[in-house]
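Chains A and B are the protein sequences, given in the same order. Under the numbering used here, the first residue of the first sequence carries the number 1, and numbering increases by one thereafter. Under the numbering used here, the first residue of the second sequence carries the number 284, and numbering increases by one thereafter. In what follows, a structure is listed as structure tokens, so that the remarks can point back to it.
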Amino acid sequence: MTRAILSCTGLDKSLGTLAREVAIRGAEALGCEIICPVLLHNAPARYAKTLAGSELIVIDGCPTRCATKLANQLGAKIDRKVLLTDAVKASDLTLEPSLSLGPNGLALAQRLVDDLVRELTAPGQYATGLPTLEAPDDYLTVTQDKYQFRIPTQEYAFTENDTWVRIVGEQAFVGVSDYIQQKLTDITYFVPPASGDAVEQFGELGTIESAKAVLEIIAPVSGSVVAVNTTLIDHPELINEDPYGAGWIAILALTDYAADQELLVDGTAYAAVVQRKAAEEVG
Amino acid sequence: MADDTFMGVKREKISWAPTIDYTKCNFCMECDVFCPHQVYERREDDPKLVVAHPHHCVVFCRACSKTCGPDALTFPNKPETIALIKQLRAEEDVG
């Protein structure tokens, strides 16, 4: 399948000119078409064939995420995304504030393109040998108006931030609850945590994104990331379909579960939290 | 809020809320549009946006900052907040 790049063109900001540079260099390196967001917005038919027949790479300059929102408005599936604010923060280079890219901006652009090319051209890196997690059999159901939220009664522990942990030996599967996936509606994008990263309890384990929001996945336990459910990169909808099974986010090697447990609740207590939240937000 | 607690601790005792950096904020109001908990409030005078209800903010949630183009929102340190919650739980004999 061919690829196309839809990029921020925030010409009044240094991140915008960085996005433009990444798009141009990326298109050259990957041999793909660039979609102009302004033209796409004004004449979407111009790109209908491109969007229908290409893997879409989106480059957002800042969290306003204009390029992502435009793709979402047109119902285009996003295959890979780069958010430059995060990329700059993660880098040891400081982006010059000028609108013309300086040496740091140009170096950053090339690094980001190299990372993108590496990610997209590495063969068979995804979804090989991943463990499976069977969804539980027994649930509590919290009902609010037309909504029903399922909560496992056994083996799962929860944070009040709508994430869960299920311990298997020394390792912990973690994921998000049925309540939060319904609140987000259709999840369209998953940014995984880096494998090998150490994370504190309530630290960030990547993000999931829908048309409604970008949600930070809050780690229910502390540990190091030993596996990421990379299937979700191409199929984030699994989080909606099976949040307690196939939609698991990552596996952590636990560091101090005894201490972490103090700030976890069981399914029954979490059901009360969901009931309260749903009553406030739905009711 | 119907039940002002987080992990059994009174919400007002936990200082978790956004801080607006007014040197960066461009008052686009994306954070206020996004937040379903009325943490922010718009004003007629300067500044045009304030954190009016910090205790409505969901502890550990930073979702509004993911909407902030100029990166003007910051939150307290998480490990320090966790330590505070555990201390308050011990003092209040929760759990």
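Heads up, the beta-carbon is just placed ideally off N, CA and C, and yes, glycines get one too. Every value quoted in this text rests on a predicted model; they were computed, and no experiment measured them.
Note down, in chain order, every chain A residue with its Cβ under 8 Å from the Cβ of residue i.
i	result
PHE289 of chain B	GLU160
ASP354 of chain B	CYS62, PRO63 and THR85
Quick one: list the residues of chain A neighbouring residue i, beta-carbon separation under 7 Å, in chain order.
i	result
PHE343 of chain B	ASN161, PHE202 and ILE218
LYS331 of chain B	The premise fails here: LYS331 of chain B is roughly 18 Å from chain A at the closest Cβ pair, so nothing lies under 7 Å.
PRO362 of chain B	GLU200
Give me whichever residues DSSP pairs with residue i in a beta bridge.
i	result
LEU83 of chain A	A:ASP60
PHE358 of chain B	Partner(s): none; PHE358 of chain B has no beta bridge.
GLU209 of chain A	A:TYR189 and A:VAL214
ALA253 of chain A	A:GLN171 and A:SER224
LYS49 of chain A	Bridge partners of LYS49 of chain A: none, in fact.
ILE5 of chain A	A:ILE34 and A:ILE57
PHE158 of chain A	A:TRP164 and A:VAL265
THR288 of chain B	B:LYS293
THR121 of chain A	None, per the DSSP bridge assignment.
VAL142 of chain A	A:PHE149
ALA198 of chain A	A:SER224
GLU204 of chain A	A:ILE218
VAL176 of chain A	A:THR163
Under 8 Å, do residue i and residue j count as touching if we go by C-beta distance?
i	j	result
LEU130 of chain A	THR231 of chain A	yes
GLY223 of chain A	LYS361 of chain B	no
ALA67 of chain A	PRO37 of chain A	yes
PRO236 of chain A	ILE187 of chain A	yes
ASP138 of chain A	GLN154 of chain A	yes
LEU15 of chain A	THR94 of chain A	no
ALA19 of chain A	GLY61 of chain A	yes
PRO192 of chain A	VAL228 of chain A	yes
THR2 of chain A	CYS32 of chain A	yes
LEU264 of chain A	GLU170 of chain A	no
PRO301 of chain B	SER348 of chain B	yes
LEU215 of chain A	LEU184 of chain A	yes
ASP266 of chain A	ALA157 of chain A	yes
GLU280 of chain A	LYS369 of chain B	no
ILE78 of chain A	VAL58 of chain A	yes
ALA29 of chain A	VAL117 of chain A	yes
THR64 of chain A	GLU313 of chain B	yes
THR364 of chain B	TRP299 of chain B	yes
ALA90 of chain A	ALA346 of chain B	no
VAL322 of chain B	PRO337 of chain B	yes
ILE151 of chain A	ASP162 of chain A	no
ILE217 of chain A	ILE251 of chain A	no
VAL88 of chain A	VAL22 of chain A	no
MET290 of chain B	GLU209 of chain A	no
Taking residue i as the query, report the chain B residues whose CB atoms sit under 8 Å from its CB, ordered along the chain.
i	result
GLU281 of chain A	PRO319
Residue i: beta carbon under 7 Å from a heavy atom of the ligand GDP?
i	result
ARG118 of chain A	The ligand content of the structure shown is nil, which means the ligand GDP is not present either.
Along chain A, in chain order, which residues have C-beta atoms closer than 9 Å to that of residue i?
i	result
THR350 of chain B	PRO63, THR64, ARG65, ALA213 and VAL214
GLU313 of chain B	PRO63 and THR64
ALA366 of chain B	Near ALA366 of chain B there are no residues of chain A at all, since even the closest Cβ is about 11 Å away, more than 9 Å.
ALA346 of chain B	ALA213, VAL214, LEU215 and GLU216
Verify the CB distance criterion: does residue i have a CB-CB separation below 8 Å to chain E?
i	result
ALA253 of chain A	Of the chains in the structure shown, none is chain E; the protein chains are A and B.
Chain B contacts from the stretch 196-218 of chain A (Cβ-Cβ distance under 8 Å): GLU200, GLN201, PHE202, GLY203, THR207, ALA213, VAL214, LEU215, GLU216 and ILE218
Taking only beta carbons into account, state which residues of the stretch 295-309 of chain B come closer than 9 Å to chain A, listed in chain order. none
Could you tell me which whole alpha helix (DSSP H) segments of length 4 or greater appear in the stretch 300-355 of chain B? 313-317
What residue ranges within the stretch 87-114 of chain A form continuous beta strand (DSSP E) runs of no fewer than 3 residues, ordered along the chain? As far as the stretch 87-114 of chain A is concerned, it has no whole beta strand (DSSP E) run of at least 3 residues.
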